[in-house]
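Chemist: Okay, handing you the structure first.
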Amino acid sequence: MSDVLRPQVKWIEGRCYRVNDPAVESSTFHEHDLYENDMAYNDMIDEGDEDDFEVIQVDNSRYTTKFHVSKHYLGSIIGKKGATRMRIERDTKTDIKIPRQGHDGDVVILGPTAQSVQAARRRINMIVVSSRMKQRYTHFISIPMNHTDVQKRFEEFKERVLRECPSRGLDSSVFIAPTKLHLTIGVMCLMDNEERLFVSKLLTEAKEKVIMPILQGHLPLKIRLQGLSYMNDDPSQIDVLYGLVQEEGGPQGLVQQVADSLVQYFYKAGFMTDTEYGRENVKLHVTLINSKYRTRSESASLESSESTSKNTRQQRESFDGRDVLQKFADYDFGTVELTAIHLSQRHTMGPDGYYQPTCVVPCH
1411 MSDVLRPQVK
1421 WIEGRCYRVN
1431 DPAVESSTFH
1441 EHDLYENDMA
1451 YNDMIDEGDE
1461 DDFEVIQVDN
1471 SRYTTKFHVS
1481 KHYLGSIIGK
1491 KGATRMRIER
1501 DTKTDIKIPR
1511 QGHDGDVVIL
1521 GPTAQSVQAA
1531 RRRINMIVVS
1541 SRMKQRYTHF
1551 ISIPMNHTDV
1561 QKRFEEFKER
1571 VLRECPSRGL
1581 DSSVFIAPTK
1591 LHLTIGVMCL
1601 MDNEERLFVS
1611 KLLTEAKEKV
1621 IMPILQGHLP
1631 LKIRLQGLSY
1641 MNDDPSQIDV
1651 LYGLVQEEGG
1661 PQGLVQQVAD
1671 SLVQYFYKAG
1681 FMTDTEYGRE
1691 NVKLHVTLIN
1701 SKYRTRSESA
1711 SLESSESTSK
1721 NTRQQRESFD
1731 GRDVLQKFAD
1741 YDFGTVELTA
1751 IHLSQRHTMG
1761 PDGYYQPTCV
1771 VPCH
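Mapping to this note's numbering: the sequence shown position 221 is 1631, numbers consecutive.
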């Protein structure tokens, strides 16, 4: 039974919504839940909140709003044989115009009142958020941790691990490239240039509203990368080994506050999940070793022809990290000054070897 005092909620473009159906277990809601099963998600908790979009009065009997939606989500708004769009139009007494396939343009909503137009747009926003959360992420908010001295110490760490810890699954290919060392804040999926521009604007706004108020009086802030931890429960079956961070010469918890506040800022805008795996705070981590980086040719000998014939998708191979954790538990990789926060593009490198930035916000 759900706790009636702490109902499940969703933030969409700065507004908070209660999920009314107590049978819903997942925090991700889906288009078919919204419209095929008659589950209501538009019960607002904060009635006083203003919508962060413009509704224009066309004449005495019509109001309108228009907004960009990536073409990747238009099918979800239309629904099978147009059922979803017709349902929203019927419930909100609006007319929704969607760009035809192959054509650019905004989604346009026309209605008899500003409230009806707002209601239709909220429903569309909820569908877009639901669809977005199903996609693989393309970008992430990061703090570069690739200072020259840190890279040097990381290379020394890698060399010593490979020499002193000849454990199962450990080879050079599972270590991250030193130039890519970073602190991950949160991930998101941005499907086109309009979304990238919008999120870049959000990050710029977040500097004044979120980042600088927390860091005020504590700059320049140095972050020390020291110590090791891992993602799963069994140190003999590790997929991700990461470094721990802490403030150097400043109040403890500042970086955590910045990370948590940024994730909440983007969550309320509909671009991030609030937390992962039930955690209340962002898990601050600098990935050092990741089994998904493994070069398949180096582990091919470990795969039998029998398993290959059964499954063409090769399974991820973990590594035994017990010796590494024991010998390098407090390894000091050095410090990095927090100078900027990046909106980084996944799988794309810039000329310096770090992730290609879509937006960089200086921290000063």
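Even for Gly, the Cβ is constructed at its ideal location relative to N, Cα and C.
Note that the structure is predicted; figures quoted are calculated from it, not measured.
Give the DSSP-derived three-state secondary structure of Q1528 in the structure shown.
Modeler: Numbered from its first residue, the sequence shown carries residue 1528 at position 118. The answer is helix: DSSP assigns Q1528 an H, G or I state.
Chemist: Can you tell which of E1565, Y1547, T1745, L1580 has its C-alpha closest to the C-alpha of H1757?
Modeler: Taking the first residue of the sequence shown as position 1, residue 1757 is located at position 347. Of the candidates E1565, Y1547, T1745, L1580, the one whose C-alpha sits nearest the C-alpha of H1757 is Y1547.
Chemist: Would you kindly check if the distance between the Cβ of H1549 and the Cβ of Q1755 is under 8 Å?
Modeler: By one-based count along the sequence shown, residue 1755 stands at place 345. By one-based count along the sequence shown, residue 1549 stands at place 139. In contact: Q1755 and H1549 (Cβ atoms closer than 8 Å).
Chemist: The beta strand (DSSP E) that contains H1752, what's its start and end?
Modeler: Taking the first residue of the sequence shown as position 1, residue 1752 is located at position 342. H1752 -> beta strand (DSSP E) spans 1750-1759.
Chemist: Judging by CA-CA distance, which residue of K1491, R1563, V1584, L1612 is the nearest neighbour of Y1677?
Modeler: Translated into the one-based positions of the sequence shown, residue 1677 becomes position 267. That would be L1612, whose Cα lies nearest to the Cα of Y1677.
Chemist: Here's the rule I'm using: 16 or more other beta-carbon atoms within 10 Å means buried, otherwise exposed. How should I1850 be labelled?
Modeler: For the chain, the structure presents residues 1411 to 1774; residue 1850 sits outside this window and is missing.
Chemist: Can you tell me the Cα-Cα spacing of F1567 and V1479, whole angstroms?
Modeler: Mapped onto the sequence shown, residue 1567 falls at position 157. Mapped onto the sequence shown, residue 1479 falls at position 69. Going from the Cα of F1567 to the Cα of V1479 covers about 46 Å.
Chemist: Please state whether DSSP places F1681 in a helix, a strand or coil.
Modeler: If you number the sequence shown from 1, residue 1681 lands on position 271. Looking at F1681 - three-state DSSP - the assignment turns out to be coil, as it is neither helix nor strand.
Chemist: In the structure shown, what three-state DSSP assignment does V1539 receive?
Modeler: The sequence position of residue 1539 within the sequence shown is 129, counting from 1. Of the three classes helix, strand and coil, the one that applies to V1539 here is helix, per DSSP.
Chemist: Let me know the secondary structure DSSP gives E1657 once reduced to three states.
Modeler: Here residue 1657 is taken as the residue at index 247 of the sequence shown, counted from 1. If DSSP states are grouped into helix, strand and coil, E1657 belongs with the strands.
Chemist: Determine the direct distance from the alpha carbon of I1488 to that of N1700, and round the result to whole angstroms.
Modeler: In the sequence shown, the residue the question calls residue 1700 occupies position 290. In the sequence shown, the residue the question calls residue 1488 occupies position 78. The straight-line gap from Cα to Cα measures roughly 40 Å.
Chemist: Whose C-alpha, out of S1671, G1680, I1537, F1681, is nearest the C-alpha of K1693?
Modeler: Here residue 1693 refers to the residue found at position 283 when the sequence shown is read from its first residue. Of S1671, G1680, I1537, F1681, the residue nearest in Cα terms is S1671.
Chemist: Between which residues of its own chain and I1521 is the CB-CB distance below 8 Å, once the five residues before and five after are set aside?
Modeler: The residue given as residue 1521 occupies position 111 in the sequence shown. Looking at the sequence provided, one finds Gly at residue 1521 rather than Ile. Excluding sequence neighbours, G1521 sits near R1472, Y1473, T1474, T1502, K1503, T1504, D1505, V1527, A1530.
Chemist: Using a threshold of 8 Å, state whether the C-beta atoms of H1752 and P1767 are closer than that.
Modeler: Taking the sequence shown and counting its residues from 1, the one referred to as residue 1752 is at position 342. Taking the sequence shown and counting its residues from 1, the one referred to as residue 1767 is at position 357. Contact flag set, yes.
Chemist: For H1549, which residues does DSSP report across the bridge?
Modeler: One-based indexing of the sequence shown puts residue 1549 at position 139. Answer is M1598, Q1755.
Chemist: In the DSSP assignment, find the unbroken beta strand (DSSP E) run with F1743 in it and report its ends.
Modeler: Along the sequence shown, one-based indexing puts residue 1743 at 333. It spans 1742-1747 - the beta strand (DSSP E) in which F1743 sits, taken as one unbroken run.
Chemist: Where G1653 and V1584 are concerned, what is the direct C-alpha to C-alpha distance, given to the nearest angstrom?
Modeler: Start at 1 with the first residue of the sequence shown, and residue 1653 comes out as number 243. Start at 1 with the first residue of the sequence shown, and residue 1584 comes out as number 174. So the alpha carbons of these two residues sit roughly 15 Å apart.
Chemist: Near I1498, what residues of its chain come up, given a Cβ to Cβ distance below 6 Å and the 5 sequence neighbours on each side ignored?
Modeler: If you number the sequence shown from 1, residue 1498 lands on position 88. Closer than 6 Å at Cβ, skipping near neighbours: A1530, R1533.
Chemist: Drop a sphere of 10 angstroms on the beta-carbon of D1762, count the other beta-carbons inside from all chains shown, and report buried for 16 or more, exposed for fewer.
Modeler: Your numbering for residue 1762 matches position 352 in the sequence shown. Classification for D1762: exposed.
Chemist: Quick one: what's got a C-beta closer than 7 Å to T1718's C-beta in the same chain, skipping five residues either side?
Modeler: On the sequence shown, position 308 is the one that residue 1718 refers to. Low local confidence applies: a pLDDT of 42 at T1718 is under 50, so the model's placement there is unreliable, with the coordinate-based value given in what follows. Correct list: empty, nothing qualifies.
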